[in-house]
Every structure is written in C-alpha cells, then in structure tokens.
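**Student:**
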Amino acid sequence: MRKADVITALIILIIGILVVYDGVRLGVIGWGAAGPMSGLYPFLLGMGLVIGSLVVMGRVFIISRKSMSNEPFIRKGGLRNVLYVAIPAALMVALTEFIGLYIAAGLYLALYMRWIGKHRWITVLAVSILLPLISSFVFDKYFLIPLPNGRLRGLLGF
Amino acid sequence: MESLNNLMMGFGVFFTQYNIFVAVIGIFLGTIVGVLPGLGGANGVAILIPVTFIMPPTSAIILLACIYWGALFGGVITSILFNIPGEPWSVATCFDGYPMAKKGKAPQALTAAFSSHFIGAVFATVALTFLAPLIAEIALRFGPPETFSIMMLTFSAFVALGGKSPIKTLIAIFLGFTMAAVGIDIVSGKLRLTFGTTELMGGFHFIVAVIGLFGIGEILLTVEEGLKMKSLPVRMSLRAMLETWKELPRYWKTLLRGALIGCWMGFKPGGATPASFMSYGFAKQFSKNSEKFGTGIMEGVVAPEVAAHAAGVSAMVPMITLGIPGSPTAAVMLGGLMIWGLQPGPMLFKEHPEFVWGLIASIWASNAIGVIIVLAFVPLFAAILKAPFSVLMPSIVFICAIGAYAVNIRMIDIWYMIIFGFVGYTFKKLDYPIAPMVLALVLGDMAETAMRQALIMGQGSPLIFFRPPFALPIMILAIIIFFWPTISRWKQKTVKKECKI
Amino acid sequence: MKKVFSGFKIVLGLVCSFALLSLSTVIASAWEPTKPVEFVVPAGTGGGADIMARFISPLIEKHKLSPQPFIVVNKSGGAGAEGFLHVKGKKGDPHIITITLDNLFCTPLATGVPFNWRDLTPVARLALDWFVLWVNAESPYKTAKEYIEAVKAKPGVFKMGGTGTAQEDQIITLQMEQAFGLKFLYVPYKGGGDVAVSLVGKHSDSTVNNPAEGVSHWKAGRLRALAVVDRERINLPEWDKIPTMKEATGFDMSYHMLRGIFLPPGVSKEAQEWYINLFRKVTETPEWKKYLSDSALKSAFLTGPAYVKWLEEKEELTKELMKKGGLIK
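Chains as they are written, first to last, in this note's numbering: chain A, 2 to 159; chain B, 379 to 879; chain C, 8 to 336.
1) Closest by CA to L96 (chain A), which one among B:M829, B:P851, B:W793 and B:R845?
2) Taking C-alpha atoms, which residue in C:G198, C:F191, C:R125 and C:R238 lies nearest to S213 (chain C)?
3) Looking at the unbroken beta strand (DSSP E) that takes in A307 (chain C), where does it start and where does it end?
4) Three Cβ pairs or more, each shorter than 8 Å: is that satisfied between the region 316–326 of chain C and the region 77–88 of chain C?
5) For L382 (chain B), collect the residues of the same chain with a Cβ closer than 7 Å to its Cβ; drop the 5 residues on either side in sequence, then sort them by chain order.
6) Residues in its own chain within less than 7 Å of G595 (chain B) by CB, not counting five upstream and five downstream?
7) Touch check for the region 640–657 of chain B and the region 665–684 of chain B: three-plus C-beta pairs under 8 Å?
8) Can you tell me which of C:S300, C:G163, C:Y154 and C:T180 puts its alpha carbon nearest to the alpha carbon of L135 (chain C)?
9) Of all the options C:T180, C:N216, C:L309 and C:A219, which has the alpha carbon lying nearest to the alpha carbon of M329 (chain C)?
10) Take A739 (chain B) and list the residues in its own chain whose beta-carbon comes closer than 7 Å to its own, dropping the five residues that flank it on each side.
11) Thinking C-beta only, is W718 (chain B) closer than 8 Å to A438 (chain B)?
12) Identify, in the order they occur along the chain, each residue of the same chain with its Cβ nearer than 6 Å to the Cβ of A708 (chain B), setting aside the five sequence neighbours on each side.
13) Could you name the residues that DSSP lists as bridge partners for F77 (chain C)?
14) Kindly indicate which three-state DSSP category S437 (chain B) falls into: helix, strand or coil?
15) List the DSSP bridge partners of N143 (chain C).
16) Quick one: which chain B residues come within Cβ less than 7 Å of G118 (chain A)?
17) Run the CB neighbour count on N242 (chain C), radius 10 Å, all protein chains shown included, and call it buried at 16 or more, exposed below.
18) What residue range is occupied by the uninterrupted alpha helix (DSSP H) comprising G482 (chain B)?
19) So that I know if they touch, is there some Cβ in chain A lying closer than 8 Å to that of D883 (chain B)?
20) Pairs of beta-carbons, one from the region 127–143 of chain A and one from the region 91–107 of chain A, closer than 8 Å: are there three or more?
21) Who are the neighbours of F431 (chain B) on chain C, taking C-beta pairs under 9 Å?
22) With which residues is A693 (chain B) paired in a DSSP beta bridge?
23) Give me the Cα-Cα distance between G674 (chain B) and A618 (chain B), rounded to the nearest whole angstrom.
24) Using 8 Å as the threshold, is the C-beta distance between V29 (chain A) and M38 (chain A) below it?
25) Looking at C-alpha atoms only, which residue of B:L441, B:W447 and B:R788 is the closest neighbour of F496 (chain B)?
26) Does P544 (chain B) have its Cβ less than 8 Å from a Cβ in chain A?
27) If L763 (chain B) sits next to L459 (chain B), beta carbons under 8 Å apart, how far is it from one beta carbon to the other, in whole angstroms?
28) Provide the residue span of the alpha helix (DSSP H) that contains G330 (chain B), from first to last.
29) Taking the alpha helix (DSSP H) that P65 (chain C) belongs to, which residues open and close that run?
30) Let's see if you can read the secondary structure: which residues bound the alpha helix (DSSP H) around G96 (chain C)?
31) Write down the C-beta distance between I283 (chain C) and V130 (chain C) rounded to the nearest angstrom, noting that I regard them as a contact closer than 8 Å.
32) For the beta strand (DSSP E) containing F759 (chain B), list its first residue and its last residue.
33) From the DSSP output, read off the bridge partner residues of V194 (chain C).
34) Look at the alpha carbon of N123 (chain C) and the alpha carbon of P115 (chain C), and state the distance between them as a whole number of angstroms.
35) So which residues of chain C does T572 (chain B) contact, with C-beta pairs closer than 8 Å?
36) With DSSP as the reference, label D109 (chain C) as helix, strand or coil.
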C-alpha cells in the first residue's frame, strides 16, 4: 500500500511541476485591471498539486510508518485478474489504430469469452460477430458517427 | 389565465394521432441514445433533422424534444446498472444508484429514478408554462459574477462528499481543475498546459474521464475480487415498483428541493449537470441519514435525478425565449428551427404562438408518455445484469470505447479512457475521492471563465463577486453551506451540553 | 493467437484484392465522396459557423446534392487551432472539409500554432458576415456619435462584450479605440450568443455582434443597432435603416468575417472541383437565400484564384490591425 501511495504521489508531483512550469511561462506576478495574470491560475493549481503530493509522501515516510496499514495494494491473485482484463483491453485499443475498432473489438470479445469465460464456440462467435456488426449499423449508419476504422481502411481506400 | 388558455390551445395542437405517434417514436429513440454513453441527445436530434423536413414544424419540434426527454430518461440506466453515466447529469446518480444495483435493488433504483424524473419534469413544466417570461428575465440578470457565485454554491454543497483524508480530497479537486484548465486561456487568448501538442488542445472531455474513472475503474475493482462475478440477483416484479412508489413520498423534501434547484439552474447553459450535483450535495448535507449516502440509498438516487430532469425542461426556456442554445442538443434544434423557416428568439412567442404552445403542451404529454415507456423497459434493462460476466464485461468495455470515441471523434480519447480507468482504480484504493475531482473537471472551466470575466468587469476588484441583488445572497449562502458541517457539529455539542445541565 | 493471425492474413489478402478492384473503378469516373464527409467546425456549438454548418449538412441531404452525408464535428479547442491542425493533418483526404471564420487568420497569429490558411486547399467563400455596433435599447444613446462621446468622457468604464480574445470582435474594438481615442473594458465571452445575451442583460454596455447573433433581440426591441461596420448599408429590409460607421461617426470603418470552406492539403483537383460545384449548388437553393436574408449575411460566393487573392488581402489586413492594436508584436 505504501509503495503505491508514494508512486501515485510522485506522478502527481510530476504533473504539478509541469503545470507550475507552464504557469510561470504565462506569467504569474501582477494583478492588473483584467484581474490576475493568465499564468497565476495554473501556477496555483500546480503548486497545490506539488505541495499536496509532498505532504502525502511525507506522511508515508515520517509520520505513519507504524500506523499505516501493511496490507498490500493488491492481492496476488487480484493482480493477475486485473491484468487479465487490462492487457486485452489495451491491446484492443492498440489494434484499433491499425485494423479499426470493429475487428479489434470482435477479436477482443472472442478472446475474452473463450479464454476467461470458457464459453462454447458458438456463443463466442455469435457475440463477437453480432455485437460489432450491430454497433456498426447503429453508429456508422444511423447515428453517422464514423468510428475508427484504422489505417487498414485508409490503405485499402474504401 | 392567459397562459392557461394558451396551454389549452397548445394541447389542441398536440393531441392529434400523428403527434402522439411522433412523440412515442421520439422518446423511444431518445432513450436508446441516452443509454449509450458518448451518444447524446445532440446526435439523436442531428440524425432526425432530415426526417423532419416532411413534417409540419410543430410535429418536428415535438419529435426532437421527445428525443431530448428520452435521452434524459435513458442517461440513468447505465449509471445504475454499470456505474457508467450515459449523460453528464447522471454522474451523481452513480454514487447511490450503482451500489443499490449491487445490492440487487436495480429495479427499485430504476423505478425511483424514472419517477423522480417525471416529478422533476412536471414541476419544471408548471414553471415553464406560467413563469417562462419571468424566468427568462431573471436569467438575463445573471452575469459572470452571479454565475461564479452559483459555481461556489455548487462546490460548497459538495464539500461534504470528500474522502477520509482532507489532503487527498484537495489533491483530487486540484487535479480536476487542472484538467479543466487544459486548452486555451480565454482572457489572454493564449494556449496553456498543452505543451505544444495538438492532442491536448481539445482538453479532457468530461464524459471520457467519467467513463474511464467510473466505468472502467469499477470493472477493474470488480475483477480483482474474481473473474467469475456472480450474476446479480435481480427480481423484477410489479411489487418492487409499487414498494418504491410507496417509499417515494417520504423524500418529498429532497424532491421539492431538487426540483427547485433544477428549475433554477436549468436556465443557465449546461445547467443540468451542476443542478444534479448540487441537489445531491444538499440532500446529503441536510438528510437525517447523511452518512448512508453513497452506500446505496434511494434518497441518493432521487435527489440528482429530479434536479436533472427539472433542469432539462427548464433549459428549454432560454432556447424558446432568448434563442440561446442551453446545450449542444438545443444548438442542433436551433439549426432545425431555421430550416423550418422559424427565427428562434423572443419573437417566437408572438409570431408563432401555436408552435411554442404546442411544444409546451408536448412537454406535459410526452413526459407522461415517457415515464410509462421507460418503466415498461425496467425489467428488460434489469435483465441485462443476468448475462454472464465474461460476456458482459468485454461488451461494456467495447461500448465504453465507442462512447469515449464518439464524444469528440478522436482516437486519443479511447486511450484517455483506459488511463482514466487505471486512475479511478488506483484512486479508489488509495482513498483519493473521485466525485470532487469529477465535479471540478465539469465546472472548473465555467467557474474560471466566470471569475475572470467578473474580475475584468470589476476592473480587477474581487468585490464584484458580492454585488447585489443576486451574487451577494448566493455567495453568503455558499459560505454558510460550506461551513454547515462545522455548524451542525457545534449545534449538536451545545445541545448536548444543555442536556447535561 | 497464432491461428487467429494467420486467419486474419487470409482475410486481409482477400479484402485487399477486392479493394484494388473497386479502386480501379473509382478512378475511372469523376470524383465523388465514397464515405461520409467529416464537416469540421473549428468553433463551439451554437456559434455562427456551427449554425451554418448544421444548416448546410441537412440541406445537402434534402436536395440530394451528395451521395454521402455530411457529418458536423466540432473541434473548438485552442480557439479553433485543434480543428485546423486536424484538417491540416489529413493530407490528401478528400472526405473532410472545414468551415472557417476569422480565427483562420487570428488564431495562428495570436497563439503561434504552426498553421496558415495556405496549408489548406481553398474551396469557396460562401458568405461574409457583417458587424454591427449594438447597445441595449434602454440605454440613452440613440446614435453611434452619442455613444462614442460618452465612452470618451469615461475611459475604461464602458464594457465591450466580445467573442474570445485576440479575435475579430476585439480587433474591431481596438480599431474603434484607435480611431476615436477611446478606451473600452473588453470582456471576452465564449460565443456570440452569450455576448448578445450579456448585452440584453446589461452586463455589457455595447457589443459588435454579427447581425444573426443580435437579430432576434433586436426585433424584440431589446437591442438598438447604432452602426454597421462597413462602407455600405446592409441591403436588406429593416437592416438598411442602420447607418454605416462613416454616416454615423464620420470615420470610415469596414470589417467582414469570412464564412468559407477549405479542404485538407494535397487534395486532387477533381475532388476540389466537386466541392466547388456542391457549394455553388447549395448557395443556389431557395433555403440558402432565405437563410442569408434571415440572418443578414452578405451573399458573396467566390472561388478559384479570386478567392485566394481575397484571402491574401484579408490576411494582410488582419495582421496589420492586430499589430496596430498591440495583440501581436
């Protein structure tokens, strides 16, 4: 738990520093007829993030060394389960860039249902073909939202 | 009484077989549009505008308005069933609606939500029918300082929703504001926080963040417990519905407060979302079982929903009377008005009374039709939960991806959704509260713009935020509400002391 | 996974050969869109450009001018820079067009984003939008002269509401300040509709809204039009009663906003021709003519080299005005 807390705080710290940096670029000091300079607001937000994340880290290291729960951020089996969901989902998005959302989603659905759900092939095929097909009708045809077709479609020119 | 006569005339216009048929179709389509995250009323209205060319203008606007009502109803469904808000104003519904569904009370939650919608609609329609010109006049008096004071009120109403750690609550709020600030600085006209990238110029869209934080985050939390989630026990019966209705009158205070907040906030552009948040925040602060909010109680579903629909109806006021689109949906409708040859704006009431009053009458009738249609759907939607998890879960991820993409037609948003999913998961585990972050993301931009415009108007002096007659009382109210938890604790203490004596 | 991939390869091969076949037939005939066209609006919903795009796309469908629908997409980030860069990045793709307003010139100048209108393929200028100096109908100023005198007497007090910063509304405001020796308090809003409402609600003292943004309030008697920022009066009934800047104040001022269409860079001549023809047909429909007179737009269809020349001049003018006003160095 503590490690996760520190890592999260570190990421927030980095974001905070970036925001402060951009605030300084826009100008921070001065309060004219138009109110504050345009950099003041991001600067304050960034400072809030920096200070906040430092406090969180400080608490982990100094104050609550004992009182902090030693419970792990994630149980051993839990991590595996989360990755089982997260990695295929990220793969689907990555594939979408190349082969379009429909094919990627079909593969993703099939993979997940067969691998994790252990469903019969007939169910797997039915859902993983029908769902993308239906959504392609709903979104592309009726709602005229051109869903990502990836570079494949661009290359083929249709 | 002139309003009543006009309304009767409007009903005369509305009640033809054709118009009722059109209304039913509209609500049906709207509900579907509202259910799908990322697809809003605006999409539904846009695709049907070509269809309306062959209709008389009144039927056309009835069709479009009904899509809007349907979307208002439909946005609730995914919030309650999957923790994925279909529309921005349904975010607050997730807080209690989803826990209710997890407890197996999905039908009750849906029934409560739809019924609250109807109550909100009726309330706002009464206001619209009799007070539209008055409301429009008040709306006009609201400039940047007043808008800012309302934002402050919303934030203070939400203060009680923080997590266990105040410092982490603050970080969450700051993160929300920072994300809202990405893009352009309205006062200097310069790009900020984009770091030279095109992707960041469009900023972070609220719906994308919410789909990730709530929807994907929740999925990750669920699977950690085990990949084979047991199907939820769903029992849909008429009895569940009747029980819910029996319980509803108990929340009359919440309902009334929510409806008032909704009517009042609705006439400002984008008002439905802050209204739902504010109503939820107030309900929690003033409720007897304040600490039970967020665990799945009906009051927490009723509060945001009644306000959201009241605001949705009340948002028609500026559109009809002032010709300002209160939402993207309204903007698309305005485009439609012009194609039908009507000029939106204050003259509409005088030049085309049959059109305006037909529309108002249709709000009465179509919301009544709408609540019946969606209630009939409840068993169907609740049944979705019975599907096996290994089918449901990837399907939800797929639909979420479509939703995130559809908001801006941008590939990067699907990536954002996945990242936000991890953020939501981590934050939930580390006690960073998500609700204040989302609120800051939704309102940060509006609040900042209003603040800086007001400062220019006041030539740099912050005193303008306290100008009478509207900004001053709202600001004072905001301050009182902000310290309300402290005040009530202090009151309790003094009461206890007195008892001892 | 392996199986899936090899299967996929076969499918890919099949699809490829099909596509090549269909491709050859496409090239043979004149160009026409083969999939829905993305119609990018580099501004938010409800503004003048957005309304026009949302008016045109169903109009195209109504008159069956295109075999494929036009889908309006708002990309308003970075004062429109997001939309422009998006279109610029779709090099050679004829299924995306954009409608521009003056932020075509102002935004790159003010924000320094790497973009210039020369990066795009010009299609046509559809119309020009006028600017009108408005005050609230309850204000005591009956003429532009009276109003300007009042502003002169109290520099930095009168609030001029406008859309965005370093965009056309502020440019006109600065132009007025310099011409008459005034100082306004310029308050930026997010869209023209907000600006008009701020004037009706007396949060601004004056605006330079486009006619379409103020028309309904004007007809309802809430606003008063003091002058048109042009050399000639608007040649439409009712509107022709508004004096020009020169008539009202003696100072000659003229500024118009572009409502034009562009394609991404590197688009084929055939595609460009098709779009020019399409928009010519759009501007010939009776609905378009009614729309122009309803929202008081200046009919100004222009294509080809004349359009490019006009764009060049307009860019120079914008740059000069922004420099003079101190918006850019």
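Cβ coordinates follow ideal geometry from the N, Cα and C atoms, glycine included.
**Tutor:** Looking at the coordinates:
1) With distances taken between Cα atoms, L96 (chain A) lies closest to B:W793.
2) For S213 (chain C), the closest of C:G198, C:F191, C:R125 and C:R238 by C-alpha to C-alpha distance is C:F191.
3) Judged by DSSP secondary structure, A307 (chain C) falls within the beta strand (DSSP E) whose first and last residues are L304 to T310.
4) Taking 8 Å as the limit for Cβ pairs, the verdict is that the region 77–88 of chain C does not touch the region 316–326 of chain C.
5) Excluding residues within five positions, none has a Cβ falling inside 7 Å.
6) If we look at G595 (chain B) and ignore the five residues flanking it on each side, its Cβ neighbours are G799, G802, Y803 and K806.
7) Contact check between the region 640–657 of chain B and the region 665–684 of chain B: three or more CB pairs, one atom from each, fall below 8 Å, which counts as touching.
8) With distances taken between Cα atoms, L135 (chain C) lies closest to C:S300.
9) In this structure, C:T180 is the residue among C:T180, C:N216, C:L309 and C:A219 with its C-alpha nearest to the C-alpha of M329 (chain C).
10) The beta carbon of A739 (chain B) sits closer than 7 Å to those of L385, G388, F389, V391 and F392, all from its chain and outside the five residues before and after it, given in chain order.
11) The Cβ atoms of A438 (chain B) and W718 (chain B) lie closer than 8 Å to each other.
12) Here the set comprises M697.
13) Per DSSP, the beta bridge partners of F77 (chain C) are C:V44.
14) Looking at S437 (chain B) - three-state DSSP - the assignment turns out to be helix.
15) Answer is C:L230, bridged to N143 (chain C).
16) In chain order: P766, S768 and V769.
17) Classification for N242 (chain C): exposed.
18) Run containing G482 (chain B): none; DSSP gives neither H nor E here.
19) Shown here, chain B extends from 379 to 879; a query on residue 883 (chain B) therefore has no answer.
20) Segments in contact, yes.
21) One finds P65, E68 and K69 in chain C with Cβ atoms closer than 9 Å to the Cβ of F431 (chain B), taken in chain order.
22) According to DSSP, residue pairing for A693 (chain B) in a beta bridge does not occur.
23) For G674 (chain B) and A618 (chain B), the distance between alpha carbons rounds to 16 Å.
24) Taking 8 Å as the Cβ cut-off, V29 (chain A) and M38 (chain A) qualify as a contacting pair.
25) Closest option to F496 (chain B), Cα to Cα, is B:W447.
26) With its beta carbon at least 8 Å from every one in chain A, P544 (chain B) lies outside the interface.
27) Indeed they touch by this definition, with Cβ atoms about 6 Å apart.
28) In the structure displayed, chain B extends from 379 to 879; residue 330 (chain B) sits before or after that span and is not available.
29) Element bounds for P65 (chain C): G55 to K69.
30) In the DSSP assignment, G96 (chain C) falls within the alpha helix (DSSP H) that extends over A88 to G96.
31) Contact annotation, I283 (chain C) with V130 (chain C): C-beta distance approximately 6 Å; criterion of less than 8 Å satisfied.
32) Counting along the chain, F759 (chain B) falls outside any beta strand (DSSP E), though it belongs to the alpha helix (DSSP H) covering P731 to I762.
33) V194 (chain C) is bridged to C:G168.
34) Straight-line Cα distance between these residues: approximately 7 Å.
35) Under the 8 Å cutoff, chain C gives G85.
36) Look at D109 (chain C) here: in three-state DSSP terms it is coil, with no helix or strand label.
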